[in-house]
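Here is the structure we will look at.
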Amino acid sequence: MSGQRHLLVLRDLVFSYTTDGSPPLFEGLNFEIAQGEKVLLVGPNGSGKTTLLNLLAGLLESYHPRYQAFWAGKPVRLQEIRPEIAYAPDEDYLFDELTAEEHIEVFRALWTVQPTYRSDVLDLLRRFGLDEITKPVERYSRGMRRKLFLALILARRASLYLLDEPFNALDQESIEALISFIEASPGACVLVAHRPPEALRMDRVIDIRTFVRSDASSAREHAWEGDRAS
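The sequence shown: position 164 = 164 (UniProt numbering), numbered continuously.
Set out below in structure tokens:
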């Protein structure tokens, strides 16, 4: 992505799940992504991929004061940029008793979204081949739940998308629709996939092991708890 302006830059990030003096999972981590850049994050199960996404999303905090973060060139703390980020974890956080229509209203109330959010969600659902929007989610299959959750997240028009195993449980039509969305979106994207589709084209591939200390065995065990299938 030569010549493109950096969207997010991290310098010297240190993170550990423990405070007992054991080696941190990440130490001196440097990460950057350009505006509109698409990055595939790979690595073995339990190696820290989901942990890194949670850090980027501001859901985990590095309490080591030396790290620096820059958003569009301005110094920030990662928690400050949450409104700019759309994060789809590998589990679907939905309310079983609500319909897809009702979920749209709930998610719209949670975030500051564009006026077209509802129609954008419905458009994504059509592209995913999901037209059952009036029955409770508890009657959905796993694949249908995944489609709804992704549509609710992707429709936010974020500057940065963080997608953890987004292709899980999707049929081929939905996989192709998701790839098309990622490629066409002006937003940057960091995507975790243990078996990425052959059609997926990303600007960079990063192996998480380049960020992880080789002696951080105890930290890896803690990372496994939040990195089960990533």
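No residue lacks a Cβ here, since even glycine has one placed at the ideal position from N, Cα and C.
Taking the alpha-carbon of residue i as reference, which of the options has the nearest alpha-carbon?
{"i": "G129", "options": "E84, A169 and A177", "result": "A177"}
{"i": "G28", "options": "G143, P115, H64 and E105", "result": "H64"}
{"i": "G187", "options": "Q172, A155 and E198", "result": "A155"}
{"i": "L162", "options": "A169, G21, I81 and T210", "result": "I81"}
{"i": "K135", "options": "G36, E97, F167 and L124", "result": "E97"}
{"i": "L78", "options": "F31, L40, A109 and P24", "result": "F31"}
{"i": "L56", "options": "D207, W71 and T112", "result": "W71"}
{"i": "I133", "options": "T116, P83, S174 and T99", "result": "T99"}
{"i": "G36", "options": "L25, Q4 and S47", "result": "Q4"}
{"i": "P24", "options": "A34, I33 and S47", "result": "S47"}
Taking the beta carbon of residue i as the centre, do at least 16 other beta carbons fall within 10 Å, making it buried, or is it exposed?
{"i": "Y140", "result": "buried"}
{"i": "A199", "result": "exposed"}
{"i": "P83", "result": "exposed"}
{"i": "L51", "result": "The question names Leu, but residue 51 is Thr in the sequence shown. So T51 counts as buried."}
{"i": "D92", "result": "buried"}
{"i": "S119", "result": "exposed"}
Measuring CB to CB, does residue i end up less than 7 Å from residue j?
{"i": "L94", "j": "V137", "result": "yes"}
{"i": "D203", "j": "K38", "result": "yes"}
{"i": "L152", "j": "F107", "result": "yes"}
{"i": "I85", "j": "A158", "result": "yes"}
{"i": "V192", "j": "D164", "result": "yes"}
{"i": "A169", "j": "R126", "result": "no"}
{"i": "A88", "j": "P166", "result": "yes"}
So residue i packs on residue j, CB below 8 Å; how close in whole Å?
{"i": "residue 232", "j": "R195", "result": "Beyond the ends of the chain as shown, which are 1 and 230, falls residue 232; an answer cannot be given."}
{"i": "L160", "j": "L7", "result": "6 Å"}
{"i": "L10", "j": "V190", "result": "Actually they do not touch by this definition, with Cβ atoms about 12 Å apart."}
message: Using a Cβ distance threshold of 8 Å, determine whether the segment 2-15 contacts the segment 49-69, with at least three qualifying pairs required.
response: yes
query: On the three-pair Cβ rule with 8 Å, is the segment 92-108 touching the segment 146-153?
result: yes
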